[in-house]
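**Student:** Numbering-wise, the working numbering puts 423 at position 73 of the sequence shown, and it's gapless, one number per residue.
The structure is given below, and queries will be raised subsequently.
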Amino acid sequence: KTMLFEIWEALGGLPDWIVFPTGGGTGIVGMWKALHELRDLGWYDGPWPRFGVVQAEGCAPLVKAWKEGTETARPWPDPQTEAAGLRVPATIADRLVLKAIRETRGAAVAVSDAAMKVSALNLAASEGISACLEGAATLAGFRRFFDDGVITPEDQVVLVNTGSARSSGLPALAAQTVRTADEVRTYLGLTQRAS
351 KTMLFEIWEA LGGLPDWIVF PTGGGTGIVG MWKALHELRD LGWYDGPWPR
401 FGVVQAEGCA PLVKAWKEGT ETARPWPDPQ TEAAGLRVPA TIADRLVLKA
451 IRETRGAAVA VSDAAMKVSA LNLAASEGIS ACLEGAATLA GFRRFFDDGV
501 ITPEDQVVLV NTGSARSSGL PALAAQTVRT ADEVRTYLGL TQRAS
């Protein structure tokens with residue numbers, strides 16, 4: 351719950367989207383509960399942020415259930431991802447996470463480990479942020495949501511990084527030299543629309 355309260359306090363309100371890496375689902379459930387508490391206490395009556403749930407392609411039971419429109423997620427057979435926090439084949443909070451996504455008019459997406467690694471490098475090189483694979487998954491997920499038109503350029507979006515690159519065993523970055531806008535786009539892996 352504290353994450354949502356901190357976002358609310360830092361922004362003086364709530365964003366349009368909160369993109370969150372989701373394994374077991376307790377982060378989404380906690381933020382969803384905090385939304386209810388803010389409303390029930392009369393502290394916030396504005397629009398709720400939409401939850402963007404991001405999972406690994408190799409372990410995406412919530413994404414599959416959300417796309418299928420089911421109320422529960424079936425256990426994921428043979429989960430495969432380097433992002434340990436996303437390698438949760440049987441989410442205990444599946445009903446609540448799916449309800450939170452739907453109630454906030456959110457969305458769910460799965461991203462590859464390769465996209466997480468590129469996103470971790472992008473965050474480090476362009477923003478100076480040391481992100482674990484799970485945290486970097488939010489940038490990869492954001493790009494998918496943006497490219498699919500789910501998130502628009504007008505939306506205010508918060509990406510939640512849940513740990514540092516060291517916790518993922520990512521290598522230290524060497525400084526890269528880029529000279530042109532095209533080299534920067536290529537280095538950052540930007541899509542035509544995102545650039």
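Glycine included, C-beta positions come from ideal geometry on N, C-alpha and C.
Please read all numbers here as calculations on a predicted model, not as lab measurements.
(1) Evaluate A464 with the Cβ neighbour count: other Cβ atoms within 10 Å of its Cβ, from every protein chain shown; 16 or more gives buried, anything less gives exposed.
(2) Taking DSSP as the reference, what is the three-state secondary structure of I368?
(3) I'd like to confirm the pairing. Which residues does DSSP put opposite R389 in its beta bridges?
(4) Restricting to runs no shorter than 4 residues, where is the alpha helix (DSSP H) found entirely within the stretch 422 to 454?
(5) Give the straight-line distance between the Cα atoms of E356 and W416, rounded to the nearest whole angstrom.
(6) Kindly confirm or deny that the stretch 446 to 462 and the stretch 376 to 391 touch, where touching means at least three C-beta pairs closer than 8 angstroms.
(7) Please name the residue or residues paired with A458 in a DSSP beta bridge.
**Tutor:** Reading from the atomic positions:
(1) Classification for A464: exposed.
(2) Here I368 sits in strand by DSSP.
(3) Paired residue(s): none; R389 is not in a bridge.
(4) Taking only runs of at least 4 residues, the alpha helix (DSSP H) segments lying wholly in the stretch 422 to 454 are 444 to 453.
(5) Between E356 and W416, the alpha-carbon positions lie close to 27 angstroms from each other.
(6) Enough Cβ pairs lie closer than 8 angstroms, so yes.
(7) According to the DSSP secondary-structure assignment, A458 is paired through a beta bridge with V403.
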